[in-house]
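Chemist: First the structure, then my questions, so here it is.
Residue numbers (my numbering): 27 to 147.
Dropping the structure here:
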């Protein structure tokens, strides 16, 4: 599990724009799923072991590692979204005439909705 996390972290060293939105979303979803599975493994392993061995087993750091990878992938996903020229163009129109007419907000909400629909919550 630690090797998988290390490979994911190494991938996250690449610029977010080179990784791409879909792989970042997949990374978030995969690491959240891995966290859930690692927690299940931890619980079942500790329950199956005699008390003296169970006290020696620690999955906590490994499980948290998946959340750390997912968190970094979320940060990179946000970067990709806000670096999108279409999003930047809309953000520049905030507090302008189009914004006061409700057009900018409507388009931003639709755009963010499309992006966030790819990420499991």
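Glycine included, C-beta positions come from ideal geometry on N, C-alpha and C.
Remember, it's a predicted structure, so these values are computed and weren't measured experimentally.
Which residue marks the beginning of the alpha helix (DSSP H) containing residue 31, and which one marks its end?
Modeler: 28-37
Chemist: From this set, 94, 101, 130, 127, which residue's C-alpha is nearest residue 30's C-alpha?
Modeler: 94
Chemist: Based on Cα-Cα distance, which residue from 119, 112, 126, 122 lies nearest to residue 138?
Modeler: 112
Chemist: Quick check: what's the CA-CA separation for residue 49 versus residue 32?
Modeler: Rounded to the nearest angstrom, the two C-alpha atoms are 16 Å apart.
Chemist: Counting only runs that start and end within the region 81-135, where is the alpha helix (DSSP H) found for 4 or more residues in a row?
Modeler: As far as the region 81-135 is concerned, its whole alpha helix (DSSP H) runs of at least 4 residues are 86-109, 111-118, 123-126.
Chemist: In three-state terms, what does DSSP make of residue 24?
Modeler: A question about residue 24 goes unanswered here, because the residues of the chain that appear run from 27 up to 147.
Chemist: Does the distance from the C-beta atom of residue 88 to that of residue 54 stay below 8 Å?
Modeler: No, these two residues do not count as a Cβ contact at 8 Å.
Chemist: Leaving out five residues on either side along the sequence, give the residues of the same chain with a beta carbon under 6 Å from the beta carbon of residue 99.
Modeler: Taken in chain order, the residues that qualify are 50, 53, 54.
Chemist: Cβ of residue 85 within 8 Å of Cβ of residue 57?
Modeler: no
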